[in-house]
Amino acid sequence: MFHKKRLYPLQQLPALRPGTLALCLLAQVGVTPAYADTVYATLEKDNAVVEVDGTTGAVRRTVQVGNRPRGILAGPNGNRLFVASSRDNAIVALDAGTLEPAGLWLVDKDPKTFAIDPTGHRLFASNDDDNQMTVVDLDSRQVLKRVAIGKEPEGVSVSPDGHWIISTSEADNIAIWIDTESLEAVERTPVDPRPRYSRFTDDGEQLWISSHDGQSLTIFDTATKRPVKKLKFKIPEVAGSEIGAVGIRIDRDRRYGYVALGRADRVAVIDARKLEVIRYIPVGRRVWNLEFSPDQKRLYTANGLSNDLSVIDLSTFAVMKTIPVGNRPWGIAVLP
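Just so we're aligned, residue 2 is where the sequence shown starts under our numbering, counting upward by one.
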């Protein structure tokens, strides 16, 4: 599964910690950088993960990581990255500092997205070709359970209190609520066509679910599991068929939420208190996933058809930088 690492020209100083070179150079000229994020993106067509200096926009290195990597998450303590190697039917772990292989968990067919519980001990992966979710113990590497989801399971998330796992079924147009103790599905909630992603607010009070073919976002009250609002995405200059709601992020203060809109090449900005769409930000082509900087002052987006990342300044809601990264960026993770 693992291929020999490819080192790109910018990786000349492997002993330096991420961001060290940029920080040293800036210090010499008396300039303090505004931020020093390290950004990681999966590259579907390159079978690789790319590491980017968020300050300079420079690609530090690109490493091979199995066949068709898609979802990527930073582990709870930030020392490992987890990657869904979908054609290898596995979740791969990389050391976040070296990008060397650090573990592998088999999770059945075609994992796309996954979530890790707040304790960092269990991983929940959707298996698109098996119509199920695989629950894996990260410590023992054992499969604890396989939970039937419905056809084409996709967006997986875990509530902040660790009580609920959510998985969506694209083909059956439902969201499944799974109790983390019993690992049993307790409720199936209808949603708009082709639900892609799910995301809890940090306070756990709401669950947001995007629907690709419904061009919509449904917000649920977690306590009642009932919808409280549905938002429809409409962009005058973009055909409705091009608007596909996918990745979701909500800031920790629940002030704003952001939804990637696929081939519409936009990110929707949502007032998370009024639950209203307030603007659309043009980004790269076919924006699929997005992630905050650690201080939540910037938003990074993976743009699969323009082969780049967009960096959005959240004080102005404008793209401040575009970073070419490789073929078909899909998932994205950010560390300090």
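By construction, the Cβ of each residue, glycine as well, lies at the ideal position given by its N, Cα and C atoms.
Cβ-Cβ separation, residue j to residue i (assumed contact under 8 angstroms), whole Å
i: residue 55; j: residue 66; result: The pair is not a contact, with the Cβ atoms about 20 angstroms apart (cut-off 8 angstroms).
i: residue 96; j: residue 133; result: That pair is no contact at about 29 angstroms.
i: residue 287; j: residue 306; result: 4 angstroms
i: residue 334; j: residue 75; result: 5 angstroms
i: residue 71; j: residue 94; result: Residue 71 to residue 94, Cβ: 15 angstroms. No contact.
i: residue 156; j: residue 175; result: With a Cβ gap of about 12 angstroms, residue 156 and residue 175 do not count as contacting.
i: residue 37; j: residue 326; result: Wrong, their Cβ atoms sit about 18 angstroms apart, outside the cutoff.
i: residue 119; j: residue 159; result: 7 angstroms
i: residue 191; j: residue 215; result: Residue 191 to residue 215, Cβ: 11 angstroms. No contact.
Unbroken beta strand (DSSP E) run spanning residue i, endpoints
i: residue 299; result: 299-304
i: residue 234; result: Where residue 234 is concerned, there is no enclosing beta strand (DSSP E), given that its DSSP letter is neither H nor E.
i: residue 149; result: 144-149
i: residue 124; result: 123-128
i: residue 328; result: That residue, residue 328, is in no beta strand (DSSP E); it is neither H nor E in DSSP.
i: residue 39; result: 39-44
i: residue 156; result: 154-159
i: residue 318; result: Run containing residue 318: none; DSSP gives neither H nor E here.
i: residue 63; result: 60-65
i: residue 89; result: Segment: none, residue 89 is in no beta strand (DSSP E) and carries neither H nor E.
i: residue 114; result: 112-117
Cα-Cα separation between residue i and residue j, rounded to whole angstroms
i: residue 186; j: residue 114; result: 18 angstroms
i: residue 310; j: residue 248; result: 14 angstroms
i: residue 264; j: residue 78; result: 34 angstroms
i: residue 92; j: residue 53; result: 22 angstroms
i: residue 126; j: residue 322; result: 32 angstroms
i: residue 284; j: residue 320; result: 7 angstroms
i: residue 269; j: residue 179; result: 29 angstroms
i: residue 318; j: residue 271; result: 12 angstroms
i: residue 208; j: residue 80; result: 28 angstroms
i: residue 145; j: residue 122; result: 12 angstroms
Cutoff 8 angstroms: residue i Cβ touching any chain C Cβ
i: residue 249; result: Absent here is chain C; the protein component of the structure consists of one chain.
Indicate whether the contact test is met: 3 or more Cβ pairs, each with one atom in the stretch 234-242 and one in the stretch 165-184, closer than 8 angstroms. no
Please specify which runs of the beta strand (DSSP E), each continuous and at least 3 residues long, are wholly inside the stretch 169-225, giving them in chain order. 175-180, 185-191, 196-201, 207-212, 217-222
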